[in-house]
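Peer 1: The sequence shown begins at 27 in my numbering and counts up by one. The C-beta atom is built at its ideal place from N, Cα and C for all residues, glycine as well. Since this is a predicted model, take the numbers as computed values, not measurements. Take a look at the following structure, please.
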Amino acid sequence: MTDVERLETILAPMRNGASGLARRLRRLVRGAEDDPRWARPALLVVIGATVAAYTWALNASGYGNEYYAAAAYSGSQSWSAWLFGSFDSASFISVDKPPLSLWLSGLSVRVFGLSSWSVLLPHALAGVATVVIVHHTVRRRHGHGAALLAGSAMAFTPVAVVMFRYNNPDALLTLLMVAAVAVTLSAVERGSAWRLAAAGGLVGLAFLTKTNQALLVVPGIAVTYLAFAPVSWARRILHGAGAALSAVIAAGWWIVLAETSAAAPYYGQTTTGSFIDYVLGVNGLDRVSGGGIGGGPDPFGGTGGWGRLFNFEVGDQVSWLIPIAMCGAAAALWGWRASGHRQRASWVMWITVFVTHLMVFSLVSGVFHPYYSLTMVPAIAALGGAGSVEGWRAFRAREASGWLLPVGIVGTGLWSWALLARESGFASGLGPAIGWGAVGAGALLVVFRAGVSGAGRLALAVAIAVAVAGPAAYAFASIGADYSGGDPKAGPGETGIPAARGDGHPTAAGGVSDAPVPVGYPDDRPPQRVPGGDAPGPDEIGSRTPQGPPPGAARGTVDDVLIEYLEAQYGEETWLTATVGSQTAAAIILSTGEAVMAMGGFSGGDPTPGSEELAGYVTSGELRFVLLPAGGRVDRWIGVAEAMCAPVDPDLYGNPAGLVLYDCATAAGASI
């Protein structure tokens, strides 16, 4: 063999590898050979725009919801706290949700350190993955056009843009629920028990993210598989039982651990400390009926009823595309015989998921936050995208159901106009332009139906523009805004109102409120948003400047001098200090990384610690400092502090308004 031949032998695999890499890159950019030339580039544009929308100026919100950010930071300090979703690293009390979402952000903080990006980016990536799965799921059953519309709707619905930039559990919950739908549809097409079991496992993981809200996808999974799986009825039922078992295993192992382990914390927002009590009570029947801790008049989502999703509190977050989605669903049912088996299964799945959400969200009497609607956005997006394509097919075929397309377009445009009109001063000319544009698109479709060529494509272009313009403008007004607290809302002008706390928490003015305790979830706080960071939020008091803290800094309710004093005195105690509720505690945790006991849990209303328990922590030396509201109604804790501890000179810790610090260093062996 000559030298040239030897060189050729060496270079041939390299050339083949380079050629294969080039083919893969072309496939990535161009898609499959039989895909339309526009399909893959359009998908990449949607993904790129989604990444930009979900990550641009992500640190503008600091740590987002500091209650969950503090828990993530605590989990990065202690594997036990991470496992159980504890609020503090010493695992005194948990947050009010299962821990799966905190596992992601806790690991991120452990690896990359505490910052806005390490706390918020995992949730943004969950949002991007959700958009990709919605696109993929719709494309396989309804084509590229429907998938592009559905993916875009998923990405830029206002509530999605806000919540995928935030660290509430809803981002991961939505991803897991959408993944369960996608895997179920794949299982239906193959009659696969293993794929259905995987879907059940995803539902179980979603349950470990936000408990009962994960179950809203179960009716769709059950109905679709039972109706369309290509196996006998006996096997369908058997496969369903296997999926249920998979869900129980995926969630049950942690529930058993939380209920039986001595290392588990008291479960927050309960009267017993039991996670099961939380699932069945506070987040179960009490949430539906309006009773218990999560019940009462709802200041967030408005009055329950069939109009809730369209009211002033919720409508501008999620309802923009509901008219076209409902018309799309009607067109699908009308043209049922024209659909194939895979399409019918998809229609039934998405319609069932949508109707389940509509019924539950409309009728629930307990606390309902507008952002809960995030989990129904995939169904709205899928029905809107696939339904529009089905309506266009029927319209071109001159079928009666085709008239649902112009009805949906006009209805969507007029509803967008109405929603934009609610926000005075925002894009004042956009609403009328969308409304009249929708009417014009409907008229062009009528002209096209009469036989005028070219009018149809122009009508579709106008229709897509008017459908996207409203929610996109509303969503983009939220990008880069400074959100905090537990009730983030998309759109302009969401300045929020200060949270008056009855447990003695400081108000926005730095004082202490004696109003009734708004006991509930960390998301039971009134909206707290500072557009662009130009004004202080209700939590930004004390030594913070009116512009708020730097991105990534705690915007808490305590003076820096207090934190410096506590750190200087900190020795071998388990907790740096104890305080009432989570608001002050979260700020101290995020500023110091130390364990802080949030007495009474999130809102200060939980019955732990009792007087004897608190006294035990003091006498054992585990707790030295107790920070209490001056004049707040927390007698059981004030009694212990006054009997066993001494007030610290306020000048030593910054003299914060409405707060009294007690030093219990000399309390060893004392009794109440």
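Between Gly177 and Val207, is the Cβ-Cβ spacing less than 9 Å?
Peer 2: As a first step, residue 177 must be located in the sequence shown, where it is residue number 151. As a first step, residue 207 must be located in the sequence shown, where it is residue number 181. Contact: no.
Peer 1: Could you compute how far the alpha carbon of Gly536 sits from the alpha carbon of Leu653?
Peer 2: In the sequence shown, counting from the first residue as 1, residue 536 sits at position 510. In the sequence shown, counting from the first residue as 1, residue 653 sits at position 627. With a pLDDT of 34 at Gly536, under the threshold of 50, the modelled position of this residue cannot be trusted, and the question is left open.
Peer 1: Assuming Gly246 and Thr81 form a contact by the criterion Cβ under 8 Å, report the distance between their Cβ atoms to the nearest whole angstrom.
Peer 2: Along the sequence shown, one-based indexing puts residue 246 at 220. Along the sequence shown, one-based indexing puts residue 81 at 55. 30 Å between Cβ atoms; not a contact.
Peer 1: Just verifying my parser: in three-state terms, what is the DSSP assignment at Ala683?
Peer 2: As a working note, residue 683 is residue 657 in the sequence shown. Correct three-state label for Ala683: coil.
Peer 1: For Asn337, which residues from the same chain have a beta carbon less than 6 Å from its beta carbon, with the 5 sequence-adjacent residues on both sides left out?
Peer 2: For the purposes of this step, residue 337 is taken as residue 311 along the sequence shown, with counting starting at 1. Same-chain partners within the cutoff: Gly328.
Peer 1: Going by beta-carbon coordinates alone, are Ala213 and Thr156 separated by less than 9 Å?
Peer 2: Position 187 of the sequence shown, counting from 1, holds the residue named residue 213. Position 130 of the sequence shown, counting from 1, holds the residue named residue 156. Not in contact: Ala213 and Thr156 (Cβ atoms no closer than 9 Å).
Peer 1: Would you kindly work out how many angstroms separate the C-alpha atoms of Ala459 and Phe380, rounded to a whole number?
Peer 2: Counting from 1 along the sequence shown, the entry for residue 459 is found at position 433. Counting from 1 along the sequence shown, the entry for residue 380 is found at position 354. One C-alpha to the other measures close to 29 Å.
Peer 1: Suppose the cutoff is 7 Å on Cβ atoms and the five residues either side in sequence are ignored; what does the same chain contact list for Ala150 look like?
Peer 2: Taking the first residue of the sequence shown as position 1, residue 150 is located at position 124. Setting aside the 5 residues that flank it on each side, Ala150 is surrounded in the same chain by Tyr80, Thr81, Leu84, Phe190 and Arg191, each with a C-beta closer than 7 Å to its C-beta; the list follows chain order.
Peer 1: Output yes or no for whether 9 Å exceeds the beta carbon distance between Tyr596 and Leu687.
Peer 2: On the sequence shown, position 570 is the one that residue 596 refers to. On the sequence shown, position 661 is the one that residue 687 refers to. No, they are not a contact pair.
Peer 1: Quick check: the Cα distance between Val249 and Pro655, rounded to an integer number of angstroms?
Peer 2: The residue labelled residue 249 in the question sits at position 223 within the sequence shown. The residue labelled residue 655 in the question sits at position 629 within the sequence shown. Cα to Cα, the separation comes out at about 53 Å.
Peer 1: Taking the alpha carbon of Gly630 as the reference point, which residue from Val386, Arg662 and Val644 has its own alpha carbon closest?
Peer 2: Along the sequence shown, one-based indexing puts residue 630 at 604. Taking only the C-alpha atoms, the option nearest Gly630 is Arg662.
Peer 1: Grab me the residues of Glu39's own chain with a C-beta within less than 6 Å of its C-beta, minus the 5 sequence neighbours each way, in chain order.
Peer 2: Taking the first residue of the sequence shown as position 1, residue 39 is located at position 13. It should be pointed out that residue 39 corresponds to Pro in this sequence rather than to Glu. Closer than 6 Å at Cβ, skipping near neighbours: no residue.
Peer 1: Suppose you measure from the CA of Ser414 to the CA of Leu199; what does that come to, to the nearest Å?
Peer 2: The residue given as residue 414 occupies position 388 in the sequence shown. The residue given as residue 199 occupies position 173 in the sequence shown. Roughly 27 Å separates the two Cα atoms.
Peer 1: With 16 other CB atoms within 10 Å as the buried threshold, where does Met385 fall?
Peer 2: As a working mapping, residue 385 is identified with position 359 in the sequence shown. The residue in question, Met385, is exposed, as its Cβ has fewer than 16 Cβ neighbours within 10 Å.
Peer 1: Is it the case that the Cβ atoms of Ala613 and Ala624 are separated by a distance below 9 Å?
Peer 2: Taking the first residue of the sequence shown as position 1, residue 613 is located at position 587. Taking the first residue of the sequence shown as position 1, residue 624 is located at position 598. The answer is no: Cβ separation not under 9 Å.
Peer 1: Taking Ala277 as the reference, give the member of Ser258, Thr297, Pro291 and Gly230 with the closest Cα.
Peer 2: As a first step, residue 277 is located in the sequence shown; it is residue number 251 there, counting from the start. Nearest in C-alpha terms to Ala277, of all of Ser258, Thr297, Pro291 and Gly230, is Gly230.
Peer 1: Compare the beta carbon distance of Leu430 and Gly496 with 9 Å and say whether it is the shorter of the two.
Peer 2: Start at 1 with the first residue of the sequence shown, and residue 430 comes out as number 404. Start at 1 with the first residue of the sequence shown, and residue 496 comes out as number 470. No.
Peer 1: Taking the alpha carbon of Ala667 as the point to measure from, which residue in Arg165, Ile615, Ala604 and Lys236 has its own alpha carbon closest?
Peer 2: In the sequence shown, residue 667 corresponds to position 641, counting from 1. Residue Ala604 is the option with its Cα nearest to Ala667.
Peer 1: Going by beta carbon distance, what residues of the same chain come within less than 7 Å of Ser637, once the five residues before and after it are set aside?
Peer 2: Numbered from its first residue, the sequence shown carries residue 637 at position 611. The residues are Arg662, Gly665, Val666 and Ile698.
Peer 1: Could you name each continuous alpha helix (DSSP H) segment of 4 residues or more that falls completely within the region 444-516, going from the start of the chain to the end?
Peer 2: 456-475 and 481-502
Peer 1: Along the chain, where does the alpha helix (DSSP H) that runs through Thr210 open and close?
Peer 2: Your numbering for residue 210 matches position 184 in the sequence shown. Where Thr210 is concerned, the enclosing alpha helix (DSSP H) stretches over Asp196 to Arg216.
Peer 1: Can you list, in chain order, the residues of its chain with a C-beta nearer than 6 Å to that of Val188? Leave out the 5 residues immediately preceding and following it.
Peer 2: Taking the sequence shown and counting its residues from 1, one reaches residue 188 at position 162. Cβ within range, chain order: Ser504, Pro514 and Ala516.
Peer 1: How big is the Cα-Cα spacing for Asp114 and Tyr292?
Peer 2: Along the sequence shown, read from residue 1 onward, the residue named residue 114 stands at position 88. Along the sequence shown, read from residue 1 onward, the residue named residue 292 stands at position 266. Approximately 11 Å, taken between the alpha carbons.
Peer 1: Which residue marks the beginning of the beta strand (DSSP E) containing Pro655, and which one marks its end?
Peer 2: Counting from one through the sequence shown, the residue named residue 655 turns up at place 629. Per DSSP, Pro655 belongs to the beta strand (DSSP E) from Phe651 to Pro655.
Peer 1: Nearest CA to the CA of Ala683: which residue from Thr610, Ala507, Phe651 and Val644?
Peer 2: As a first step, residue 683 is located in the sequence shown; it is residue number 657 there, counting from the start. Relative to the Cα of Ala683, the nearest Cα in the group Thr610, Ala507, Phe651 and Val644 belongs to Thr610.
Peer 1: From Asp585 to Gly680, what does the alpha carbon distance come to, in whole angstroms?
Peer 2: By one-based count along the sequence shown, residue 585 stands at place 559. By one-based count along the sequence shown, residue 680 stands at place 654. Each residue's Cα considered, the two are about 7 Å apart.
Peer 1: Mark Ser479 as exposed unless 16 or more other C-beta atoms lie within 10 angstroms of its C-beta, in which case mark it buried.
Peer 2: What you label residue 479 is simply residue 453 of the sequence shown in a count that begins at 1. Ser479 is exposed by the Cβ-count criterion.
Peer 1: Does DSSP classify Pro256 as helix, strand or coil?
Peer 2: Taking the sequence shown and counting its residues from 1, the one referred to as residue 256 is at position 230. Pro256: coil per DSSP, three-state reduction.
Peer 1: Where do the ends of the beta strand (DSSP E) carrying Met623 lie?
Peer 2: Taking the first residue of the sequence shown as position 1, residue 623 is located at position 597. Unbroken beta strand (DSSP E) run through Met623: Val622 to Met625.
Peer 1: Compare the Cα-Cα distances from Glu416 to each of Val403, Trp332 and Pro432 and report the closest residue.
Peer 2: Here residue 416 is taken as the residue at index 390 of the sequence shown, counted from 1. Residue Pro432 is the option with its Cα nearest to Glu416.
Peer 1: Could you work out which residue in Arg56, Tyr509 and Leu128 is closest to Ala232 when comparing CA atoms only?
Peer 2: Taking the first residue of the sequence shown as position 1, residue 232 is located at position 206. Nearest option by C-alpha distance: Leu128.
Peer 1: Leu359 and Trp346 - do their beta-carbons sit closer together than 9 Å?
Peer 2: The residue labelled residue 346 in the question sits at position 320 within the sequence shown. The residue labelled residue 359 in the question sits at position 333 within the sequence shown. Not a contact, by the Cβ cut-off of 9 Å.
Peer 1: If the criterion is Cβ atoms closer than 9 Å, does the pair Ala464 and Val488 meet it?
Peer 2: Indexing the sequence shown from 1 puts residue 464 at position 438. Indexing the sequence shown from 1 puts residue 488 at position 462. Result yes, Cβ atoms of Ala464 and Val488 sit closer than 9 Å.
Peer 1: Would you mind sorting Pro125 into buried or exposed? The rule is 16 or more other CB atoms within 10 Å of its CB.
Peer 2: Within the sequence shown, the letter at position 99 stands for residue 125. The residue is buried, with at least 16 neighbouring Cβ atoms inside 10 Å.
Peer 1: Distance check for Tyr397 and Gly522, CA to CA, integer angstroms please.
Peer 2: Position 496 of the sequence shown, counted from the first residue, corresponds to residue 522. Position 371 of the sequence shown, counted from the first residue, corresponds to residue 397. For Gly522, the predicted model reports a pLDDT of 34, less than 50, meaning its position is unreliable; a value from the coordinates is still stated below. Near 15 Å, if we compare the C-alpha coordinates of Tyr397 and Gly522.
Peer 1: Quick one: is His170 buried, meaning 16 or more other Cβ sit within 10 Å of its Cβ, or exposed?
Peer 2: Reading the sequence shown from its first residue, position 144 is the one you call residue 170. Looking at its Cβ environment, which holds 16 or more other Cβ atoms inside 10 Å, His170 is buried.
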